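Only one structure is covered here, and it is reproduced in the block below.
Numbering (full-length UniProt numbering), first residue to last: 1 to 333.
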């Protein structure tokens, strides 16, 4: 029959084995912050055997922990018996621990908790250090994936330029900036002339190729970082030009129109021109009447309709007399 002493000894041996089987770092400090327990998990990750650190201050073994959240948590545990879980946001690798057997690799990401306890009159604290590298990597991949999805949600899948959703966000942002700073802002709405005839004659696959070519040409004409080219819908495109007056936008729109025409993309026999062309409507921010996205879009759309009605392959600015638009068209025919 086992005695109480035998049972106590067996329990101590059992506890020691359990501590060393734990899949996390377990470190116990006494009231003087000296190490009284250092389990087997810590040895290959720190490079220190238990015999080397026993009786030494944790902050002599790891000087970089001085002044850290770990030291604050240890002091709170030993002086005030306050338990602390150190958020990963406050340093993912407070201890210089690496993968087992690696002494020059990257530090493992860690979750650290500090728990006070007493044994009779003696006060101690237990530090638990868990390797959360896998969790952090998964979180990082999820964040990267979410960011990728968010980015794709703002890009037109066919042409690779901004989509309607991105256009709406950008126009609202630039309008608020223009209103705040009293600056200029111009909007271009563009439509590929006779695109239905193009699709009917060449087929939808070639039609998609035409849309991609026009989108690239448009994007290539917008050089400033804040300028934006977007697919507005179907064969319609848009451009947002911050710090640009309506007259400046007229010149830029004509350059875009001429550039697309210079691509010499063959058009359908039923089209007005033998090559693919753009009609463009322009509107400029105006504090008196064109001060929100809806009114600016409506004005640019009316100008685009006027360009279509007066012969296509031309630029019309909101407010242009019809005769002026037609005269300009004739000069470019």
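All C-beta atoms, glycine included, are put in the ideal place defined by N, C-alpha and C. All of these numbers come straight from a predicted model, not from anything done at the bench.
DSSP on residue 57, reduced to helix/strand/coil?
Working through the chain shown from its first residue, we reach residue 57 at position 57. Note: residue 57 maps to strand in three-state DSSP.
If you draw a straight line from the C-alpha of residue 271 to the C-alpha of residue 194, how long is it?
The residue labelled residue 271 in the question sits at position 271 within the chain shown. The residue labelled residue 194 in the question sits at position 194 within the chain shown. Answer to the nearest angstrom: the Cα atoms are 6 Å apart.
Grab me the residues of residue 190's own chain with a C-beta within less than 6 Å of its C-beta, minus the 5 sequence neighbours each way, in chain order.
On the chain shown, position 190 is the one that residue 190 refers to. The residues are 237, 278 and 280.
For residue 74, which option in 213, 111, 256 and 30 has the closest C-alpha, if you only look at C-alpha atoms?
Residue mapping note: residue 74 aligns to position 74 of the chain shown, counting from 1. For the residues 213, 111, 256 and 30, the minimum Cα distance to residue 74 belongs to 30.
Taking 8 Å as the cut-off, decide whether the C-beta atoms of residue 165 and residue 233 are in contact.
Here the question's residue 165 lines up with position 165 in the chain shown. Here the question's residue 233 lines up with position 233 in the chain shown. For residue 165 and residue 233, no; Cβs fall outside 8 Å.
Please specify which runs of the alpha helix (DSSP H), each continuous and at least 4 residues long, are wholly inside the segment 60–116, giving them in chain order.
69–80
Please name the residue in 283, 262 and 284 whose C-alpha comes closest to that of residue 274.
Within the chain shown, numbered from 1, the residue matching residue 274 stands at position 274. The shortest Cα separation from residue 274 among 283, 262 and 284 belongs to 262.
For residue 23, does the count of other Cβ atoms within 10 angstroms reach 16, so buried, or fall short, so exposed?
In the chain shown, the residue the question calls residue 23 occupies position 23. Answer is exposed; the Cβ neighbour count stays below 16.
Should residue 204 be labelled buried (16 or more other beta-carbon atoms within 10 Å of its own) or exposed?
Residue mapping note: residue 204 aligns to position 204 of the chain shown, counting from 1. Result: exposed.
Along the chain, where does the beta strand (DSSP E) containing residue 128 start, and where does it finish?
Working through the chain shown from its first residue, we reach residue 128 at position 128. That run of the beta strand (DSSP E) goes 122–131.
Which residues bound the beta strand (DSSP E) around residue 207?
Here residue 207 refers to the residue found at position 207 of the chain shown. Unbroken run through residue 207 is the alpha helix (DSSP H), 204–221; no beta strand (DSSP E).
Assign residue 384 to one of three DSSP states: helix, strand, or coil.
Here the chain covers residues 1 to 333 and nothing more, so residue 384 does not appear.
Classify residue 283: buried if its beta carbon has 16 or more other beta carbons within 10 angstroms, exposed otherwise.
Start at 1 with the first residue of the chain shown, and residue 283 comes out as number 283. Residue 283 comes out buried.
Checking 8 Å against the spacing of the C-beta atoms, do residue 213 and residue 229 come in under that value?
For the purposes of this step, residue 213 is taken as the residue at position 213 of the chain shown. For the purposes of this step, residue 229 is taken as the residue at position 229 of the chain shown. Taking C-beta atoms as the reference points, residue 213 and residue 229 fail to come closer than 8 Å.
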